[in-house]
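Residue numbers (this note's numbering): 6 to 285.
Cβ coordinates follow ideal geometry from the N, Cα and C atoms, glycine included.
Working notes, structure below.
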């Protein structure tokens with residue numbers, strides 16, 4: 006009988022020692038942040054719900070694991086949002102930093118919630134619009150970057166009130182600047198059906214009548230050359246030698262006749278620029 010009792014006591018002590026060892030190891034894992042390891046140890050204790058506060062420790066570990074998973078998911082989503090923002094723009098002004106994981110469950114959940122509600126949709130939309138506008142602007146500039154004479158003639162043919170169109174050659178260029186250094190690479194004159202000039206004074210052809218008969222499009226190799234020409238013409242504005250409006254678009258100088266009213270000049274100029282830079 007004594008032997009049986011002694012044997013049973015040894016078994017109990019062995020089990021108790023096992024429980025105590027696993028519990029202590031679980032505490033160490035939990036304290037160090039290894040909640041999964043602690044959970045495994047706690048649940049490995051037989052009848053853990055009756056042993057000290059093991060059940061409570063298991064609940065704590067499970068809650069922390071859930072909170073950490075939620076944080077990691079929110080962090081991953083925010084990293085994707087930040088990467089998407091970086092792909093649109095190199096600016097870091099609008100991008101929010103990802104906070105480090107806090108120590109407590111409540112703080113982790115709070116940080117995860119803040120990351121979940123980060124919304125770059127408005128910023129992204131604005132950047133996309135800006136990007137689209139920039140791409141369109143680049144394409145539009147390409148259309149007026151030393152365009153071919155044929156393109157100018159084609160565009161002028163779409164303008165209301167434009168009657169006759171004629172491009173100058175080196176033989177009939179009234180200014181003698183075609184293809185010369187700093188001069189235009191093409192000039193196309195057009196007549197306006199609202200203007201009636203005395204042919205005995207201004208000549209019979211569109212080129213002879215020049216910008217007075219309607220206007221002209223001068224094409225230059227560089228924007229600087231076009232701007233120099235515009236500045237030269239601007240020096241005569243308001244005087245008896247004024248030759249109408251003159252606006253640079255890309256490397257193109259758009260000119261309208263001084264015989265048109267101010268509103269007619271503005272309207273014609275706007276339409277010409279519109280067709281020259283039209284992107285479908």
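| query | result |
| --- | --- |
| Bridge partners - residue 220, DSSP secondary structure assignment | 195 and 261 |
| Helix, strand or coil at residue 190 according to DSSP, with G and I counted as helix | strand |
| Start-to-end residues for the beta strand (DSSP E) that takes in residue 71 | Per DSSP, residue 71 belongs to no beta strand (DSSP E); it is in the alpha helix (DSSP H), 59-93. |
| Contact check, residue 211 vs residue 262, beta carbons under 8 Å | no |
| Residue 84 versus residue 133: straight-line alpha-carbon distance, rounded | 19 Å |
| Whole-angstrom C-beta distance between residue 67 and residue 44, which should lie under 8 Å | 7 Å |
| Own chain partners of residue 129 with C-beta closer than 8 Å, once the 5 adjacent residues on each side are dropped | 89, 90 and 93 |
| Cα-Cα separation, residue 254 to residue 278 | 7 Å |
| Residue 170 (DSSP reduced to helix, strand or coil) | strand |
| Selected residue, minimal CA-CA separation from residue 275, among 33, 251 and 36 | 251 |
| Residue 271, buried or exposed, once every other Cβ within 10 Å from all chains shown has been counted against 16 | exposed |
| Option in 29, 131, 214 and 246 with minimal Cα separation from residue 203 | 214 |
| Enclosing beta strand (DSSP E) for residue 273 [first to last residue] | No beta strand (DSSP E) holds residue 273; the alpha helix (DSSP H) holding it covers 267-281. |
| Residue-level contact to chain D via CB, residue 277, 8 Å cutoff | The structure shown contains no chain D; it is built from a single protein chain. |
| Cβ contact (3+ pairs, closer than 8 Å) linking the segment 98-106 and the segment 141-160 | no |
| Other residues of its chain near residue 163: CB distance less than 6 Å, five sequence neighbours each side excluded | 280 |
| Where the beta strand (DSSP E) containing residue 227 begins and where it ends | Taken as a continuous stretch (DSSP letters only), residue 227 belongs to no beta strand (DSSP E), as it is neither H nor E. |
| DSSP beta-bridge partners of residue 254 | 257 |
| Spatial distance of residue 161 from residue 135 (CA atoms) | 30 Å |
| Supposed close pair residue 197, residue 167 - CB separation, criterion 8 Å | 7 Å |
| Secondary structure of residue 20, DSSP reduced to three states | Confidence at residue 20 is low in this model, with a pLDDT of 42, below 50, so its placement is unreliable and no value can be given for it. |
| Three-state secondary structure (DSSP) of residue 106 | coil |
| Separation of residue 30 from residue 80, as counted between CA atoms | 30 Å |
| Sequence-distant residues of the same chain with beta carbon closer than 6 Å to residue 178, five excluded per side | none |
| Contacts around residue 50, its chain only, beta-carbon distance under 7 Å, and the 5 residues preceding and following it disregarded | 24, 27, 28, 56 and 59 |
| Inter-residue CB distance, residue 192 and residue 173 (contact presumed, cutoff 8 Å) | 5 Å |
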